[in-house]
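Note that the numbering used here has the sequence shown beginning at 1133, numbered continuously upward.
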Amino acid sequence: MSEKEIPCRVCDAKIRPFMTFGPMPIANGFLKKEETPGEYFFEMEVAFCEACGTFQLAEQPDAKRMFHENYAFFSSLSRHMQIHFQKYAELVKDRVLKGRKDPFVVELGSNDGIMLRHFSEAKIRHLGVEPSKNVAEAARQKGVNTISEFFDLALAKKIVAEHGHADAVICANVMCHIPDINSVAAGMAHLLQKDGVLMFEDPYLGDMFSKTSYDQIYDEHVFIFSATCVGNAFKKHGLELIDVLPQPTHGGSMRYVLAPKGSHPVSPNVPALLEKEKSLGLDRAKTWEQFKSNCEKSREDLNALLKKLKKDGKRVVGYGATSKSTTVLNYCGIGPDLIEFISDTTPIKQGKLTPGSHIPVKPYEAFAENHPDYALLFAWNHATEIFEKEGTFTSGGGKWITFVPKVGIIE
Ligand code: DWN
Ligand code: ZN
1133 MSEKEIPCRV CDAKIRPFMT FGPMPIANGF LKKEETPGEY FFEMEVAFCE
1183 ACGTFQLAEQ PDAKRMFHEN YAFFSSLSRH MQIHFQKYAE LVKDRVLKGR
1233 KDPFVVELGS NDGIMLRHFS EAKIRHLGVE PSKNVAEAAR QKGVNTISEF
1283 FDLALAKKIV AEHGHADAVI CANVMCHIPD INSVAAGMAH LLQKDGVLMF
1333 EDPYLGDMFS KTSYDQIYDE HVFIFSATCV GNAFKKHGLE LIDVLPQPTH
1383 GGSMRYVLAP KGSHPVSPNV PALLEKEKSL GLDRAKTWEQ FKSNCEKSRE
1433 DLNALLKKLK KDGKRVVGYG ATSKSTTVLN YCGIGPDLIE FISDTTPIKQ
1483 GKLTPGSHIP VKPYEAFAEN HPDYALLFAW NHATEIFEKE GTFTSGGGKW
1533 ITFVPKVGII E
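See below:
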């Protein structure tokens, strides 16, 4: 436990970081060789607040370092995620918008329009709020109304003045990125109609603990949420947790459904999940001490495996230069000596080096045209989609390495 005391980002209680992952660069800060000397690092420490149940980063780099005109992550690159967001949009239409006159939907962090395009195509009034200008432009190209700004109460007021209150406010993999959760929750509460619904999903704390998927923790993910913490964080802004819907995406996520208190019935799913979180100890600091030793064991095992393969003269490459891989590579101290390159389909990442660890990122063809002996699956959350299309890698004798939930070779 660190000596340093910090205020909890949700409830202001005094808390102490229980673990550091060491100096960490910007997770999506892929860089050219000539940029490496001035590379930015911050100490990535995590803390848990027992008062409100919030798992959080002790320090987060300035938002402008992470979200800008060269943001490297485009949601629409995964086919499975496209289907996921189409279904999410259908649920919002059916469960929230049905029967409402001229409904209005706002999505925060709408990325390249992967979800809002389904509202745009159905001629439903919508607005995307996406601070990263390049992905916002990609959304506009698809006919999705998008503004490039950071969301807070002031922006919520501006949106209401221009478009009226929203029937649905939706987000995916966004809330856990925003450090000032109280300002955003206040903005959301203001933006919603009296009977409006807020839905958001993010990687789930329960999955991160059970799978030791510590790679969910990086600069952008200032929170890893649970139902306990979400219920507490939104209560003071008049919003009540009315449902929780587990999702398979991003290695195990939870969709939280909230509404102004008393406006909608509360599903039995909510008390059931709160009870489960208690019984798993997700709300107790002691559990996070256990998580810390699980991470250390995972780091030892991954290093041992990669060093053994190198000694045996095997070629190992990475698959998917994910944000998550930045945490793994820097926490485990893995560099180009152990991993030849990482293949990734995102053009903006290709030809650059991974943040901090400086492993070359190459286009997909570098993998496909010269299969390695082993591929370390950094994009493990997309395993089903990837295994479906990489049959020739394994049929030709190639093997996958994973580190979630345990380090090992997939036989
Ligand atoms: O919350 C966030 C999530 C939603 O997305 C952000 N903070 C940033 C990002 O996290 P990530 O980079 O860990 O996400 P993914 O979806 O795990 O990234 C997959 C990466 O792998 C992309 O760079 C694309 C690449 N990829 C590939 O090369 N071949 C992906 C697939 C499916 C493939 O077949
Ligand atoms: Zn707290």
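For every residue, glycine included, the Cβ atom is placed at its ideal position computed from N, Cα and C.
Residue(s) in a DSSP beta bridge with residue i
{"i": "I1471", "result": "The partner list for I1471 (beta bridge, DSSP) is empty, contrary to what the question assumes."}
{"i": "D1334", "result": "M1386"}
{"i": "Q1379", "result": "S1385"}
{"i": "K1494", "result": "S1475"}
{"i": "K1328", "result": "Note on identity: in this sequence residue 1328 is Gly, with Lys being the wrong assignment. None; G1328 has no bridge partner."}
{"i": "Y1451", "result": "S1475, L1509"}
{"i": "P1139", "result": "K1146"}
{"i": "E1239", "result": "G1260, I1302"}
{"i": "I1279", "result": "V1261"}
Residue i to residue j span [Cα, whole Å]
{"i": "K1531", "j": "T1516", "result": "15 Å"}
{"i": "W1512", "j": "S1411", "result": "28 Å"}
{"i": "H1200", "j": "D1194", "result": "11 Å"}
{"i": "L1337", "j": "S1358", "result": "5 Å"}
{"i": "K1164", "j": "F1153", "result": "24 Å"}
{"i": "V1460", "j": "G1523", "result": "26 Å"}
{"i": "D1339", "j": "A1268", "result": "30 Å"}
{"i": "K1233", "j": "K1494", "result": "49 Å"}
{"i": "I1533", "j": "N1305", "result": "26 Å"}
{"i": "T1526", "j": "E1135", "result": "49 Å"}
{"i": "A1498", "j": "S1475", "result": "7 Å"}
{"i": "D1312", "j": "Q1192", "result": "11 Å"}
{"i": "M1331", "j": "P1378", "result": "12 Å"}
{"i": "I1471", "j": "S1489", "result": "10 Å"}
{"i": "E1520", "j": "F1473", "result": "22 Å"}
{"i": "N1202", "j": "F1283", "result": "19 Å"}
{"i": "N1314", "j": "L1441", "result": "48 Å"}
{"i": "K1443", "j": "V1449", "result": "15 Å"}
{"i": "T1477", "j": "G1394", "result": "46 Å"}
{"i": "D1505", "j": "G1540", "result": "14 Å"}
{"i": "S1425", "j": "L1189", "result": "18 Å"}
{"i": "I1542", "j": "P1487", "result": "27 Å"}
{"i": "S1252", "j": "T1278", "result": "11 Å"}
{"i": "R1257", "j": "I1356", "result": "31 Å"}
{"i": "F1150", "j": "E1171", "result": "26 Å"}
{"i": "K1367", "j": "L1259", "result": "26 Å"}
{"i": "Y1496", "j": "G1452", "result": "9 Å"}
{"i": "H1297", "j": "V1329", "result": "11 Å"}
Start-to-end residues for the beta strand (DSSP E) that takes in residue i
{"i": "R1257", "result": "1257-1261"}
{"i": "T1534", "result": "1531-1534"}
{"i": "D1299", "result": "1298-1304"}
Where the alpha helix (DSSP H) containing residue i begins and where it ends
{"i": "M1176", "result": "No alpha helix (DSSP H) contains M1176, which is instead part of the beta strand (DSSP E) from 1174-1181."}
{"i": "E1269", "result": "1265-1273"}
{"i": "Q1214", "result": "1211-1224"}
{"i": "T1186", "result": "Here T1186 belongs to no alpha helix (DSSP H); instead the beta strand (DSSP E) covers 1186-1189."}
{"i": "Y1506", "result": "Not the alpha helix (DSSP H): Y1506 falls in the beta strand (DSSP E), residues 1506-1509."}
{"i": "I1542", "result": "Unbroken run through I1542 is the beta strand (DSSP E), 1540-1542; no alpha helix (DSSP H)."}
{"i": "F1150", "result": "That residue, F1150, is in no alpha helix (DSSP H); its beta strand (DSSP E) goes 1149-1156."}
{"i": "L1287", "result": "1285-1295"}
{"i": "H1250", "result": "1249-1253"}
{"i": "C1544", "result": "For the chain, the structure presents residues 1133 to 1543; residue 1544 sits outside this window and is missing."}
{"i": "N1314", "result": "1313-1323"}
{"i": "A1204", "result": "Run containing A1204: none; DSSP gives neither H nor E here."}
{"i": "E1409", "result": "1401-1412"}
{"i": "I1518", "result": "1515-1521"}
{"i": "F1423", "result": "1417-1443"}
{"i": "R1227", "result": "R1227 -> no alpha helix (DSSP H), and no H or E assigned at all."}
Residue burial classification, residue i (beta-carbon count within 10 angstroms, cutoff 16)
{"i": "M1386", "result": "buried"}
{"i": "I1215", "result": "exposed"}
{"i": "P1492", "result": "buried"}
{"i": "A1500", "result": "exposed"}
{"i": "Q1348", "result": "buried"}
{"i": "K1484", "result": "buried"}
{"i": "G1363", "result": "buried"}
{"i": "R1211", "result": "exposed"}
{"i": "K1196", "result": "exposed"}
{"i": "N1502", "result": "exposed"}
{"i": "D1351", "result": "buried"}
{"i": "P1479", "result": "exposed"}
{"i": "G1231", "result": "exposed"}
{"i": "D1327", "result": "exposed"}
{"i": "A1293", "result": "exposed"}
{"i": "K1481", "result": "buried"}
{"i": "D1226", "result": "exposed"}
{"i": "E1222", "result": "exposed"}
Any C-beta of chain B under 9 Å from that of residue i
{"i": "L1485", "result": "Any reference to chain B falls outside this structure, which holds one protein chain only."}
*Three or more C-beta pairs closer than 8 Å, one from the segment 1205-1214 and one from the segment 1231-1241: is that the case here?*
no
*asked:* Closer than 8 Å is the cut-off here; do at least three beta carbon pairs connect the segment 1427-1444 with the segment 1464-1484?
replied: yes
*For the 8 Å Cβ check, are there 3 or more pairs between the segment 1242-1253 and the segment 1179-1190?*
no
_Can you confirm whether the segment 1287-1304 touches the segment 1339-1353 when touching is taken to mean that 3 or more C-beta pairs between the two stretches lie within less than 8 Å?_
no
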